[in-house]
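What follows is a short report on a single structure.
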Amino acid sequence: MRESFLIGYTTVVDNVLATALQVIRADELFYWVTPRLERAVAYITGAWHTLPDGRRVPLSLVNDTAPTLTPPPQYAPRDFPFGDGRGFNLSASHLLALSMRLIYEREEVVQDVAERHWGLRCAGYFVTGGGDHLLYSDPENTAEFNPRTGSAVLCSEQAFIVVFRGTEPTNLINFRSSGRISMSERPGLGRVHDGFFGALFHGDPEAGCLFDRLTETLEAADCGAGRAIYLTGHSLGGALAVVFAAALRQAHPQMGERIGGVVTFGAPRVGDAAFAQRFDDAFGGRAFRVTHGADIIPHVPPRWLEYEHCGRERYITSFGRILADPEAIRRWHAYEAWGFIPFALAKLVLGLVDPYESKLRALYRLVCLLLLPGLSDHFPADYEFKLRRTLAKGTKVEGES
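Sequential numbering of the sequence shown, starting at 1, is according to the UniProt record's numbering.
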């Protein structure tokens with residue numbers, strides 16, 4: 001019941017509040033305010049990135065509470081995917097978590113961090129605002145809520161990382177799209193969430209949709225090397241990674257066979273049971289969905305609307321343990337749901353003395369606790385930092401076979 005309350009409360013706030021703000025055209029105000037707010041916060045927190053030409057640009061509001069995008073010493077990004085790519089590899093998963101944080105930044109920051117600091121090549125960066133034209137399997141009434149999203153293709157000698165941007169805190173279209181509950185039948189896939197599908201397949205007929213632009217980039221950048229493809233994203237971005245994987249395997253079977261892994265962070269449910277079954281049959285032990293604490297987003301849209309998750313769950317507790325055993329995960333979901341308030345207060349207090357957390361993150365925790373319960377544990381940095389700490393300690397995923 002506690003979980004149902006959090007789902008209902010968060011969904012109402014995300015959709016009713018976002019709708020009201022959009023009616024008064026607050027989205028245009030947010031679009032104008034966001035870069036100015038980023039600069040103001042950067043002056044307070046020091047969350048700047050310095051480009052090779054000496055220019056300083058502020059980090060996004062998503063990353064300003066944890067500005068480090070430096071990989072840990074346990075691995076070198078240029079060696080990705082670190083072994084045979086099978087199973088839930090902690091080093092590979094951490095680099096994917098860093099990537100899902102990086103994609104929230106401007107193109108120039110993404111390219112500079114990937115190439116100068118990680119030793120990877122940025123083969124492409126794309127931003128899409130949706131559009132009025134559906135270029136694939138025309139459903140009804142979906143163009144209005146297509147989210148503005150972004151994606152990048154990073155490249156090592158052995159593999160590609162295709163990373164999708166999640167929901168931006170000041171983007172009302174993204175909130176409304178993520179909060180939608182409608183899904184439509186997609187031939188060969190099953191029923192898929194309309195907003196997530198539209199983000200990939202709506203676009204300008206001349207420029208093409210995001211799906212086409214990504215597949216063209218992967219083909220051109222590979223030069224016949226047959227590199228493995230890894231897909232990742234946070235929140236909305238995780239949902240897009242799942243839909244992209246399923247659609248790639250259907251539309252481009254040979255390229256789809258090269259998918260080495262799909263790892264999502266705090267991702268919502270994407271489709272119905274038929275979609276989930278087909279996805280799991282296709283990707284088996286190569287697909288993982290990472291969840292954290294009382295993060296409410298993985299619980300929406302709810303199962304009673306016929307949505308089902310796909311991929312194997314790896315659960316990060318509020319105390320940093322990473323669990324693989326389904327029964328242990330089920331118990332911890334219950335602990336975190338019923339103990340949400342005391343756990344949130346404990347993290348708020350401990351965060352004040354935690355060197356990994358800024359004081360701004362503590363403020364965000366307090367605001368989320370008071371206004372948006374269930375969203376405090378959704379921050380990308382929380383996922384990434386707990387994986388980073390696990391690597392530093394040398395501990396393993398509990399229950400991993």
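Each residue gets a CB set at the ideal place from its N, CA and C atoms; glycine is no exception.
The structure presented is a predicted model; accordingly, all values stated were derived computationally and were not measured.
Cα-Cα separation between residue i and residue j, rounded to whole angstroms
i: R186; j: V192; result: 7 Å
i: C155; j: W338; result: 42 Å
i: S280; j: A287; result: The residue you asked about is not Ser; residue 280 is Asp in the sequence shown. Near 8 Å, if we compare the C-alpha coordinates of A287 and D280.
i: G46; j: H202; result: 37 Å
i: T167; j: I103; result: 11 Å
i: P342; j: L200; result: 39 Å
i: Y125; j: D325; result: 37 Å
i: H378; j: D295; result: 5 Å
i: L120; j: L240; result: 22 Å
i: R218; j: S99; result: The sequence as given places Leu at residue 218; Arg does not occur at that position. So the alpha carbons of these two residues sit roughly 17 Å apart.
i: I316; j: T291; result: 6 Å
i: S184; j: D194; result: 6 Å
i: R56; j: H49; result: 6 Å
i: F196; j: L236; result: 7 Å
i: Q74; j: H117; result: 15 Å
i: C209; j: Q250; result: 17 Å
i: L37; j: F164; result: 23 Å
i: C54; j: S60; result: Per the sequence shown, the amino acid found at residue 54 is Gly instead of Cys. For G54 and S60, the distance between alpha carbons rounds to 19 Å.
Three-state secondary structure assigned by DSSP to residue i
i: V57; result: strand
i: V349; result: helix
i: S137; result: The pLDDT assigned to S137 is 39, lower than 50, so where the model puts this residue is not dependable; a value taken from the coordinates is nonetheless given after this. Reduced to three states, the DSSP call for S137 is coil.
i: S401; result: coil
i: T395; result: coil
i: A228; result: strand
i: L96; result: helix
i: E108; result: helix
i: S184; result: strand
i: E157; result: coil
i: I329; result: helix
i: F385; result: helix
i: residue 419; result: The chain is shown only over 1 to 401; residue 419 falls outside these bounds and no answer can be derived.
i: Y335; result: helix
i: W118; result: coil
i: F265; result: strand
i: H193; result: strand
i: A324; result: coil
i: A239; result: helix
i: T128; result: strand
i: A294; result: coil
i: E357; result: coil
i: E313; result: strand
i: R39; result: helix
Cβ pair residue i, residue j closer than 8 Å
i: H78; j: P58; result: At residue 78 the sequence reads Arg, which differs from the His that was named. Not in contact: R78 and P58 (Cβ atoms no closer than 8 Å).
i: L248; j: G238; result: no
i: V113; j: G150; result: no
i: V41; j: D64; result: yes
i: residue 436; j: H309; result: Look at the range of the chain in this structure, 1 to 401, and you will see that residue 436 is not part of it.
i: F80; j: R314; result: no
i: L96; j: T215; result: no
i: Y307; j: D354; result: no
i: R227; j: Q158; result: yes
i: A334; j: R101; result: no
i: Y362; j: L352; result: Strictly speaking, residue 362 in this sequence is Ala, with Tyr absent from that position. It is a contact, given that the beta carbons lie within the stated cut-off.
Any C-beta of chain B under 8 Å from that of residue i
i: G150; result: Absent from the structure: chain B. Only one protein chain is present.
Worksheet item: Are the region 59-72 and the region 262-277 touching by the rule of at least three beta carbon pairs closer than 8 Å?
Response: no
Worksheet item: Does the region 310-322 touch the region 375-394, meaning 3 or more C-beta pairs lie closer than 8 Å?
Response: Yes, the region 375-394 touches the region 310-322.
Worksheet item: Can at least three beta-carbon pairs, one atom from the region 285-302 and one from the region 372-379, be found at a separation below 8 Å?
Response: yes
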